[in-house]
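Using the working numbering, you'd call the opening residue of the sequence shown number -7 and step up by one each time. Report on the following structure.
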Amino acid sequence: MKKFATPVALVLGSALGVSGPALAQVPDTLPGLENAPPFVADVVVNNAQVKNVSYRMYYMPGKMRLESLAGAPGGEKQLILSHLDQNISYVDIGGSWFKLNNNALGAEGLNYGSTAGFRTRKLGKRTVDGKLCEGYTFTSPDGSTLVESWMWGDYPIVSTVKNRMGVTTAKYLSLRPQSTPESYFYPPKGAQIQDLDAMGGAAGAMGGMGGAGAAGGMGGMSPSDLQKLLNGQ
């Protein structure tokens, strides 16, 4: 049975102030990612709210580094260091570092999960980005989420998610198997890191991020507004 992981990039959309459904900058499920060996790829995302938003992804089992390349909200560079196996992420916002508990941000299922309970169907084979891929669909038990994924061996090449937030497609371009140094997944030495879990009431102050899940967002707050909030201004 194929497995999927929910990447923290969805949460990052909340942290960096993408409002409403536009939080789906990357699919909230990426089938096959959990089983994928180390790789590097340029991930290009499209949905009704964002067009051709791209990230350089460095993936190691349990860890992900996402560097914005083009189309970032507000035009600001984004850097996410996600530890999916520990349910935490480090986010660089305008040179300030924050440590985030993924669940506290209201993203559902951020830890690794499996497609147990999902209806799975094989789609056959097709060539995607010059690679012969095998396709799968995964449908949630209540039918609210449909995921179509085209896999190149153990690597995801295209993922399309249809759910209450709309339709989001992520394409993994120029994917190449490659290990990444452990240091890439941590803030630089000496960085001052603000731990939101240790900041009393901070998660509560970010109210809109709970309840409706990541789609709640922060009402379109900009990165600078978020910094002010976190600094108690």
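Think of the CB as a built atom: it goes at the ideal place given N, C-alpha and C, for glycine as much as any other residue.
Pull up the DSSP beta-bridge partners for residue i, would you.
| i | result |
| --- | --- |
| Gln186 | Phe90 |
| Leu73 | Arg57, Tyr82 |
| Ser136 | Partner(s): none; Ser136 has no beta bridge. |
| Val37 | Val45, Ala162 |
| Ser141 | Tyr128, Ser151 |
| Pro169 | Phe31 |
| Met262 | Outside the modelled stretch of the chain, which goes from -7 to 225, sits residue 262, for which no answer is possible. |
| Arg111 | Thr131 |
For residue i, which residues of its own chain have a beta-carbon under 8 Å away from its beta-carbon, when the five flanking residues on both sides are left out?
| i | result |
| --- | --- |
| Pro179 | Leu73, Tyr82, Asp84, Trp89, Ile185 |
| Leu165 | Ala33, Asp34, Val35, Val36, Asp121 |
| Gly127 | Lys114, Leu115, Gly116, Lys117, Arg118, Glu140, Ser141, Trp142, Met143 |
| Val159 | Asn39, Ala40, Thr152, Val153 |
| Cys125 | Lys117, Arg118, Thr119, Trp142, Met143, Trp144, Ile149, Val150 |
With DSSP collapsed to three states, give me the class of residue i.
| i | result |
| --- | --- |
| Tyr176 | helix |
| Lys181 | coil |
| Gly122 | coil |
| Gly116 | strand |
| Ser106 | Confidence at Ser106 is low in this model, with a pLDDT of 49, below 50, so its placement is unreliable and the value that follows should be read with caution. Residue state, collapsed to three classes: strand. |
| Met198 | Summary for Met198: the model assigns pLDDT 41, below 50, so the residue's position carries little reliability; its value from the coordinates is reported in the next sentence. Three-state result, Met198: coil. |
| Arg156 | coil |
So, at 7 Å on beta carbons, what are the nonlocal neighbours of residue i in its own chain, with the 5 sequence-adjacent residues on each side left out?
| i | result |
| --- | --- |
| Gly109 | Pro133 |
| Lys123 | Trp144, Ile149 |
| Ser60 | Tyr47, Lys69, Gln70 |
| Gly135 | none |
Closest to residue i by C-alpha separation, out of the options, would be which residue?
| i | options | result |
| --- | --- | --- |
| Arg156 | Ser175, Asn39, Asp77 | Asn39 |
| Pro30 | Asp187, Asn93, Leu61, Gly145 | Gly145 |
| Phe177 | Leu58, Pro169, Val153, Lys69 | Leu58 |
| Glu174 | Val153, Val42, His75 | His75 |
| Tyr50 | Pro169, Gly158, Ala183 | Pro169 |
| Lys55 | Lys69, Ile80, Cys125, Lys43 | Ile80 |
| Asp187 | Lys91, Lys154, Met52, Gly86 | Lys91 |
| Leu167 | Arg48, Val153, Leu138, Thr160 | Arg48 |
| Gly182 | Gly87, Pro53, Gln41 | Gly87 |
| Thr112 | Asn93, Thr137, Asp77 | Thr137 |
Compute the minimum distance between the beta carbon of residue i and the heavy atoms of the ligand GDP, and state whether it is under 7 Å.
| i | result |
| --- | --- |
| Lys154 | Inclusion of the ligand GDP in the displayed structure is not the case, the ligand content being empty and no account of it being possible. |
Ignore the nearest five residues each way along the sequence and tell me which others in residue i's own chain have a CB closer than 6 Å to its CB.
| i | result |
| --- | --- |
| Met52 | Pro30, Thr172 |
| Asp77 | Gly54 |
| Thr129 | Arg113, Glu140 |
At least one CB of chain C closer than 8 Å to the CB of residue i: is that the case?
| i | result |
| --- | --- |
| Asn44 | Given the protein chain composition of this structure (a single chain), no chain C is represented. |
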